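Residue numbers (the UniProt record's numbering): 1 to 1088. First comes the structure, then the notes that go with it.
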């Protein structure tokens, strides 16, 4: 014991702290306390003789020192007392009451002396409190007198943990509350991280030691989350967050008690004020979860009970939204991590499952709340994405339009990376299905969502990113497919077109860079399939110009002449103006009377500037920059002066202006075809150059020289073909610009018999449209006949060129062609039509592209067209009917022989499909000539032609129906053809049924305004013929019921065998169209 006692260090302080009976200066006392502080600070716990500390123990808590007016005295005394608590530990050298006074003394020294003194900028308004951002510190913390001593005091309380004694003294709750509120008050930005950590440790020690947390402590913690969550960089807030995360387990029950009490007080039959309080508490819960999620492990499941509140829709909705936002938060989102997995399905399994069921809650507000919060979960929690996506797809088909629209908006708000990597393509395609939603609001949200996704991905798609193309490249096609829906109402179509042009292909700001615009157009077009590209052609507004069904240019011109009904013209312009208004309204808006009224109001405005701007937009000679400028000014003027007309006139512009493809696009399209950067874009450029040639040839008027230059290209056969087609088209409609140079004509003639078959076609067409056409066409015919003699046997690729050129020459120069017709016909029959097919023995009715057929089979199909073209050249000949017979016999025999010319040629299955289709189309074309109509539509012939609508091959039926649809559109041909589409009612493919239905519904609409006798001819008589035809149709049979089965309906066979299916009285159908066609073919062969 003696040796152990000798090892303890003694305090070497002989002076008396308090001098009895003497008045001493503060400096003297301060000097003694400083000496004592220095000597106590070097002593170590468990290595100091505590008996030597007794002389200073009591004087340090004397009122003279604790309440001394000098802050230095108090600071040194506090440090000395902290050292005594350290050296005496674990036993305190003071009573509980004295300890209370000591800790109160510590609290006072720290909070009063470290409290920041601040100044505020002058408030901006009356009675406004100063904003925290306007607060500045007057003094740095390190400049505070005796700062090192206060730092030492806090460090001692934190490291020695003597602060835990506070929990056992009288008035402990007040002291704990004081330390929390005081530390929150003194936290400041210029505090060192070490000091902040010591303060955190002090507060953590208090919470860990306390058996129960005082309400004041909880109020201080919660108040920080309420006041400073929006500015998490606030030091006091960071202090509390750090404390909560350190003792999350200890705080779980207090937080649970806090939120449970609010729920009990306000969650039963809540009033609007109760709901407001509950909403505030839920906001607080989300804030705490953002920064200290582990403190709420008991409080969050409490919300699950609210989800089951059957009669409390507002409460269910609020709780669903709160849980959704809570699940959406990531671990560490507020700057602090969690101790466990942040997967909501694992962290709160029961609550997660309960929340998922709210997607199908009976109340719309609850489902809406669920949908609105799904985005964050989808983005932040990969583990639950699959489960959540399935539910989200279900909400896209929700019965309520608000839910569907909100779900669409949520998907559209996803950023590019999330939509690319974390959302399945099928989910986005389900969003695409909402384009055709019955509700305009849902369609709008879905379209805008797809447009945003496309815009976010466009740069990557442009760069050729395969992932982006796969995930988003289908969007333009989906939108165009929606536009092409046959039964789509006009208002829906207008809405979809508007979004497509604003978002998928938005016009540039000024249009000065034509190349960039055309490249963007080609990029979008190259993502489309064949059908969608046809739809995009419709959106270019080029369709109908060649047919004369484009009323907009005439409408714009007539608006200027009409002058709002104030024209001085001696001719009454009103009937013509009314006709154009009706034509424009019907083409764009269908039968909408409201739209017609708005267009009529536009006509009556008599604003020449507006009419001129609109005419510029629908003028095929306008450039992109001119159209954009005119469009912008037009819409601006309408918005300023006639805002009520703006929606209708915007739709009118979208459906009539040449904004996608125009005069200035041709140069870049030719350039992309001439020097392609990709085969797909070159093919797309070629397609739209062909469209221009077919639909709006005058656009080429200023590009003739460029087309001539392209024809001289010796390597790019497609470029030469397209240039020839364009040149032939523009020469037809604008003969004054047709080139006539001898070198060009020689080049074209050579292409007519040495080029590809399509080059030969357009070469012959061009020669027939320029000066001296008969002479030039005669040269080409002679060149071909001469080339035939030198063509190797079996080289049928060459014959394709010869035949297509002959077909065009028959139309372009009938006189020249007729002079050589016997020689040509002999060649076609002997060398082509009657030659045995190389596809003999190929069975089946599979459709292939015509270029994939054997060359001889392809040549025979062209031969059918050649005979048809030749027949049309002598339609006015007195002996036309007699001259028609050979061609008629050939075409009908092809149909009667199931696509074969005869049994000797024996064409194979795919070739027969094309032959049947071409024969039917040729006969239909011949029937459009009044001279031939009666012969072609004779019963035997008409039955063969009409049978194509039930051909075994889908593509034959489909193309045939589309051709019929085009020719019956305006009801200008014989009404007999009106019954043909009705035979498609039993078609096994829905696409064909839709086309047939569209044709049949269009007929009454077209005949609505016609005289009664015309309606009888076009509707009633074809209908009666249809009934007669069906009565004798092989697809329909009348079956008599079996009398024995009627009498013994309930009897069973004696041997217990299974009964055969009963045959009931009535009509049954035979769906096997292929078998029917074979039967018909057999009958035709036997008859022959």
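Here a beta-carbon is modelled for each residue, glycine too, at the ideal position from N, C-alpha and C. This one's a predicted model, so the numbers in the text were calculated from it and none came from an experiment.
C-beta contact flag for residue i and residue j at 8 angstroms
i, j, result
"residue 153", "residue 110", "yes"
"residue 659", "residue 447", "no"
"residue 445", "residue 405", "yes"
"residue 528", "residue 476", "yes"
"residue 989", "residue 954", "yes"
"residue 770", "residue 738", "yes"
"residue 717", "residue 684", "no"
"residue 901", "residue 876", "no"
"residue 451", "residue 504", "yes"
"residue 1026", "residue 945", "no"
"residue 768", "residue 808", "yes"
Residue nearest to residue i in terms of C-alpha spacing, selected from the options
i, options, result
"residue 46", "57, 228, 89 and 62", "89"
"residue 702", "75, 1018, 664 and 193", "664"
"residue 242", "459, 273, 229 and 292", "292"
"residue 764", "434, 780, 142 and 685", "780"
"residue 194", "148, 177, 400 and 808", "148"
"residue 867", "846, 921, 847 and 845", "921"
Supposed contact pair residue j and residue i - C-beta distance, whole angstroms, cut 8 angstroms
i, j, result
"residue 260", "residue 304", "Rounded, the Cβ-Cβ distance is 13 angstroms, inconsistent with contact."
"residue 225", "residue 288", "6 angstroms"
"residue 60", "residue 81", "6 angstroms"
"residue 963", "residue 942", "Between residue 942 and residue 963 the Cβ distance is about 16 angstroms, and since that is not below 8 angstroms, they are no contact."
"residue 565", "residue 605", "With a Cβ gap of about 10 angstroms, residue 565 and residue 605 do not count as contacting."
Distance, residue j Cα to residue i Cα
i, j, result
"residue 836", "residue 496", "52 angstroms"
"residue 929", "residue 638", "48 angstroms"
"residue 472", "residue 873", "52 angstroms"
"residue 1003", "residue 967", "11 angstroms"
"residue 735", "residue 909", "44 angstroms"
"residue 785", "residue 758", "18 angstroms"
"residue 31", "residue 25", "10 angstroms"
"residue 210", "residue 428", "54 angstroms"
"residue 396", "residue 501", "25 angstroms"
"residue 422", "residue 470", "14 angstroms"
"residue 9", "residue 327", "59 angstroms"
"residue 918", "residue 559", "45 angstroms"
"residue 939", "residue 706", "52 angstroms"
"residue 91", "residue 100", "15 angstroms"
"residue 48", "residue 381", "57 angstroms"
"residue 78", "residue 84", "10 angstroms"
"residue 744", "residue 709", "10 angstroms"
"residue 71", "residue 143", "15 angstroms"
"residue 161", "residue 205", "7 angstroms"
"residue 408", "residue 398", "11 angstroms"
"residue 648", "residue 595", "6 angstroms"
Secondary structure of residue i, DSSP reduced to three states
i, result
"residue 651", "helix"
"residue 423", "coil"
"residue 842", "coil"
"residue 8", "coil"
"residue 48", "strand"
"residue 1064", "With a pLDDT of 46 at residue 1064, under the threshold of 50, the predicted position of this residue should be treated as unreliable, and no value is reported."
"residue 251", "helix"
"residue 914", "helix"
"residue 1121", "Residue numbering for the chain in the displayed model covers 1 to 1088; residue 1121 lies beyond these limits and cannot be assessed."
"residue 749", "helix"
"residue 899", "coil"
"residue 92", "coil"
"residue 290", "helix"
"residue 317", "helix"
"residue 144", "coil"
"residue 763", "helix"
"residue 771", "coil"
beta-carbon residue i near the ligand ZN non-hydrogen atom, thresh 7 angstroms
i, result
"residue 39", "The model depicted lacks the ligand ZN and carries no ligand whatsoever."
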